[in-house]
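To start, the structure under review is shown below, and the notes come after it.
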Amino acid sequence: MSKQVRNLGVFLAICYAALFVQVNRLTFFEAESLRAQPENVRTVERDFSSPRGSIISADGQVLAQSVPSDDRFRFQREYPTGGLFGHITGYFAFELGTTGVEDSYNGFLTGDDIGFDINQLDDLFVDRDVVGDVTLSMRHDVQEVARDALGEQEGSVVALDPRTGEIIAMWSFPSYDPTALASHDFDAAEATSDLLNADPEHPTRSRAFSEREFPGSTFKVVTATAGIERGGVTADNPSYPVSDSYQPPRGGRPIPNFGGASCGGTLFTILQQSCNTAFAQMGVDTGGDELQETAQGFGFDRDVPLDLPGAVQSTFPAAVVDDPPTLAQASIGQNEVQATPLQMAMVAAGVANDGEIMTPHVMREIRDDQGNLVEEFDAEVWARPMSPDTAGLLRDAMVSVVTDGSASRLDEGLDGFVVGGKTGTAQLGTPEPRSHAWIIGFAGPSGETPHVAVAVVVEGQPGASEQTGGRVAAPIAAAVMQRALAAPERTDEADGDPGSGG
Amino acid sequence: MTTATRRTTELGLLVLGTMFVVGAYLLATLPADSQIPTTVGPFLGIIVGLPLLAHVAVRRLAPRADGMLLPLASLLNGLGYVFIVRLDEGQPSGPEGLAGLQSVWMILGVGAFIATLVIVRDVRLLERYRYTAGFVGLVLLLLPLLPIVGRTINGSRIWVSFGPVNFQPGEFAKLALAVFFAGYLVEKRELLAINRSFGPLALPDPKHLGPVLIAWGVALVVMVLEKDLGSSLLFFTLFLVLIWVATERASYLAVGVLLFAGGGYVAFNAFSHVQERFDTWLDPWGKDKGYQVVQAAFAFADGGLAGRGLNLGVPYKIPVVESDMIFAAVGEELGMVGAASVLVAFLLMIGAGLRIAQQSSDGFERLLATGLTTLLGFQAFIIMAGVVRLLPLTGVTLPFVSYGGSSLLANWVLLALLLRISDRSALREAERAAAGQLTQIGG
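Going line by line, the protein sequences match chains W and E.
For the first sequence, my numbering gives the first residue as 1, with consecutive numbering after it.
For the second sequence, my numbering gives the first residue as 1001, with consecutive numbering after it.
Structural data, given as structure tokens:
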């Protein structure tokens, strides 16, 4: 009998060991995939019933906040600035998911990623929910200027600080108001979402970093970089022949100038005039591999490390390497060259910042509810497409485009600042001529690294002359840079509380 | 171990366990503003007073009994109570007042524990009433099938209601049947132990297989008519374990397992509810019937290593979390550590119970202690295994932890019987030792 009793004990012990193993599988080994199950609404439900940090602009405007709610969940997410920062904050919705900063810094907003210091015994017993407030580098006032200047034209405005990679403004039209999507009335939220998704203009998708456009002549800055760095081009040499067309080697269609004009000359002249024939020849002379490497050095064909979900790559055609006609077209930003406005702003920023492109980001710092700094974004170099000397030369060349060339309206209202830029007009090949009007540029106090770099694209403008970019896009960029170079007006509610108790 | 040290150990462990339960209780019930709720007094009385009362009773009535079982049972009971209070108060909707009812059941449970110690001074008395016990057990088991009093709740016809009181007679039937099996098998063990060779196989003589077949039939009836897979498995396992231990013939185990597998196979094909259980066990995802175990799995995943903390999870997402599924709530809020502690507590109780069986010199006591321990340990296993999807989910309670009056009462009585056996055999041992000394002196 005693042997059987002992064996019974062993059998039960094995049963319990199996239980222990299974408990470990559920709590540890399979926990991650269980939490990710679509049927598992625990995480999101908990998030909805917990306090959540705010998203605040660099100048103190609350962009997203949670306010107490007494319906199914304890808090309701609000977006006080409506559509102005819709592509940036994204939304925090129950069934539609989470996007934008709400998604990329979710762990900090919920407090999950914030280490909880137990300073006092009290902390163990007081039910304190730690959440993080995310302060962006983006300024509400500059964003407003961008929105107002672009108006109801499809397009994008990106302004960033070339020295740090901090994005100051990033607006694209059309946008959307996240508040309706974060509604606790799920049916209404879904109806709104369906409506937005059915819109052919995709208002929920940022044209600034989630859509590619033909960059047109703004790409000539990249070609010039390749020419200087790898093709022996200097300020004085070579002098490209004055011509109204350029015939690439091994056939293909000749490259004409805008309006059949004739142009040519040295680097500064051809950049000022945005001379197609000269840049096509520069690209072909420099070589396909070299141009491709330079474009990739600027960030083409690479994932942009933006701290927002949904950033797409800009693309540069691989065919340039062994096909001179393609190479000639790509050198002037045609063929399959496609870039996000953010990428083109980074091209300008690279030139402005001594050849270094900093990692672009919208988050500046995260503080817990006690005001302690939890996380901040350290400026870091993402790409080095050129040497400081090349950058200095190109900077001067781009400044000359403003003083003597096609971007003459870029320094409107920017007296006393050094302003450089490059226009672009990407023809769309539509029956009635339409084009994307582009400008990229930078501005800053004399003798300093420029404080702001911009890219503006206004899509589908009537006409297709080289003047379009300078006429349509430059004033928008100028207005945005002017506001960005001015000190921000604090809209911080805490600071703006007048005379309490007075 | 002397009487005094056993009781001191018991008191020490009891104090440790109670401190844990009180701490957990305070954590679970203190609201965010840190005000001590006005109802804290009576509740503390329940979780501190009842174990102490039980301890004093053991001191008086079974002073030589094992010192581990009562503290472990109190710990599990207290932990379960904390969770029921927490679920009761945190539940946005659902039955109110479970905590109050559970306190009453706990008082009655400890009352039954003490009463059992008072009435049953020697479990061998029960051996005399083995056939009565067998009859009562069978009646209790089949009672829910009767019209008028029988009730079907949550798909299982295992409830009986007299007026306003609902109870599960099966919980008491298992005790009566354990007494019957132990008594019957002690009597017939030699007869049953005779093997007959069938070629290379040594099998029990077919004419002694009658009892096995009856037990099997009853188990099938319970499974099919009461739709209670858990109890069915439990009764049949109890019987097989006892006939195996009594006869020391593993062949009974083999025959029994084959019979159960065969019966289960037929039932699987013939009855949709059995099939459903299996299907949801193998693939619970996206099925209505799998909702419970899927939610339980999510709860464990949320719990992780150390749990979300008492009162900080959302266990009421799991259906019947207060009774059958309470182990998932433990996993969610106390994590792997808490769940493992519950496993260890049951394992220690199994160890203590089987040690009591080994130490007894009386055949009936041994078998009864083995049977009672099997009931406790195996019932806890099948429900926890169901919750974590190690086995198909079968609706039985987690002893001492789950909400439920019948279960709690029956398990406190079970505990009293185990302590009584332990006390008796320690007493006999002491007497024998004393007699031996006398003989030596005399010689």
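A virtual CB, placed ideally from N, CA and C, is assigned to each residue, including glycine.
All values derive from a computational prediction rather than experimental measurement.
List the residues of chain W whose Cβ lies closer than 7 Å to the Cβ of residue i, in chain order.
i	result
Met1068 (chain E)	Those do not exist, as Met1068 (chain E) stays about 15 Å from chain W at its closest Cβ, beyond 7 Å.
Trp1244 (chain E)	Gln4
Ala1339 (chain E)	Val23
Val1388 (chain E)	Leu19, Gln22, Val23 and Leu26
Alpha carbon to alpha carbon, how far is residue j from residue i? Give it in angstroms, no decimals.
i	j	result
Glu32 (chain W)	Ala1380 (chain E)	28 Å
Thr1447 (chain E)	Asp1324 (chain E)	With chain E represented from 1001 up to 1443, any question about residue 1447 (chain E) goes unanswered, as that position is not in the structure.
Ile476 (chain W)	Phe173 (chain W)	13 Å
Gln482 (chain W)	Asp411 (chain W)	9 Å
Pro203 (chain W)	Glu154 (chain W)	10 Å
Ile228 (chain W)	Gln292 (chain W)	14 Å
Phe20 (chain W)	Ser206 (chain W)	49 Å
Gly1041 (chain E)	Thr1003 (chain E)	33 Å
Leu1011 (chain E)	Gly1078 (chain E)	16 Å
Arg1130 (chain E)	Ala1246 (chain E)	16 Å
Arg52 (chain W)	Pro341 (chain W)	32 Å
Glu201 (chain W)	Val23 (chain W)	50 Å
Leu1027 (chain E)	Asn1311 (chain E)	8 Å
Phe268 (chain W)	Gly283 (chain W)	16 Å
Val320 (chain W)	Leu327 (chain W)	4 Å
Val142 (chain W)	Ile168 (chain W)	7 Å
Leu308 (chain W)	Pro360 (chain W)	10 Å
Gly1331 (chain E)	Arg1308 (chain E)	9 Å
Ser1341 (chain E)	Leu1014 (chain E)	16 Å
Asp123 (chain W)	Val130 (chain W)	Since pLDDT at Asp123 (chain W) reaches only 49, below the 50 mark, its modelled position is unreliable, and the value read off the structure follows with that caveat. For Asp123 (chain W) and Val130 (chain W), the distance between alpha carbons rounds to 11 Å.
Report buried or exposed for residue i, applying the criterion of at least 16 other Cβ atoms within 10 angstroms of its Cβ.
i	result
Thr1152 (chain E)	exposed
Ala17 (chain W)	exposed
Ala339 (chain W)	buried
Val381 (chain W)	exposed
Pro178 (chain W)	buried
Thr1370 (chain E)	buried
Pro68 (chain W)	exposed
Gln1168 (chain E)	buried
Ile1148 (chain E)	exposed
Lys1207 (chain E)	exposed
Ala1178 (chain E)	buried
Gln1437 (chain E)	exposed
Closer than 9 Å by beta-carbon distance: list the chain W residues that pair up with residue i, in chain order.
i	result
Gly1286 (chain E)	Glu39
Ala1182 (chain E)	Correct list: empty, because the minimum Cβ distance to chain W is about 12 Å.
Lys1317 (chain E)	Val41, Arg42 and Glu45
In the DSSP assignment, find the unbroken alpha helix (DSSP H) run with residue i in it and report its ends.
i	result
Trp1285 (chain E)	Counting along the chain, Trp1285 (chain E) falls outside any alpha helix (DSSP H), and DSSP gives it neither H nor E.
Ile1382 (chain E)	Gly1363 to Val1387
Ala191 (chain W)	Phe186 to Ala198
Gln4 (chain W)	Ser2 to Asn24
Glu102 (chain W)	Gly100 to Ser104
Met481 (chain W)	Ala474 to Leu485
Going along chain W, which residues have a C-beta under 8 Å from residue i?
i	result
Met1384 (chain E)	Leu19
Phe1346 (chain E)	Tyr16
Arg1366 (chain E)	Met1 and Val5
Val1257 (chain E)	Those within 8 Å of Val1257 (chain E) in chain W number zero; the least Cβ separation is about 12 Å.
Glu1127 (chain E)	None at all; the shortest Cβ gap to chain W is about 16 Å.
Starting from residue i and walking both ways along the beta strand (DSSP E), at which residues does that stretch end?
i	result
Lys522 (chain W)	This structure does not reach residue 522 (chain W), given that chain W is present from 1 up to 502, and the question cannot be answered.
Gly260 (chain W)	Looking at the DSSP string, Gly260 (chain W) is not in any beta strand (DSSP E), and its letter there is neither H nor E.
Leu373 (chain W)	Leu373 to Glu376
Ile1119 (chain E)	Ile1119 (chain E) -> not in any beta strand (DSSP E); alpha helix (DSSP H) instead, spanning Leu1098 to Ile1119.
Phe442 (chain W)	Arg434 to Pro445
Ser156 (chain W)	Gly155 to Leu160
Along chain E, in chain order, which residues have C-beta atoms closer than 8 Å to that of residue i?
i	result
Phe48 (chain W)	The premise fails here: Phe48 (chain W) is roughly 11 Å from chain E at the closest Cβ pair, so nothing lies under 8 Å.
Phe28 (chain W)	Gly1304, Leu1305 and Met1336
Glu95 (chain W)	Those within 8 Å of Glu95 (chain W) in chain E number zero; the least Cβ separation is about 17 Å.
Gly9 (chain W)	Ile1350, Gly1351 and Leu1354
Taking residue i as the query, report the chain E residues whose CB atoms sit under 9 Å from its CB, ordered along the chain.
i	result
Arg35 (chain W)	Phe1298, Ala1301 and Asp1302
What are the uninterrupted segments assigned as alpha helix (DSSP H) that are 4 or more residues long and contained completely in the segment 40-73 of chain W, given in chain order? 42-48
Enumerated in chain order, which unbroken segments of the alpha helix (DSSP H) with a length of 4 residues or greater are wholly contained in the segment 1127-1187 of chain E? Whole alpha helix (DSSP H) segments, 4+ residues: 1130-1142.
Of all the alpha helix (DSSP H) runs that stay within the bounds of the segment 277-363 of chain W, which reach a length of 4 or more residues? 288-298, 324-331 and 341-352
What residue ranges within the segment 1223-1302 of chain E form continuous alpha helix (DSSP H) runs of no fewer than 4 residues, ordered along the chain? The segment 1223-1302 of chain E contains these whole alpha helix (DSSP H) runs: 1229-1247, 1250-1270 and 1272-1282.
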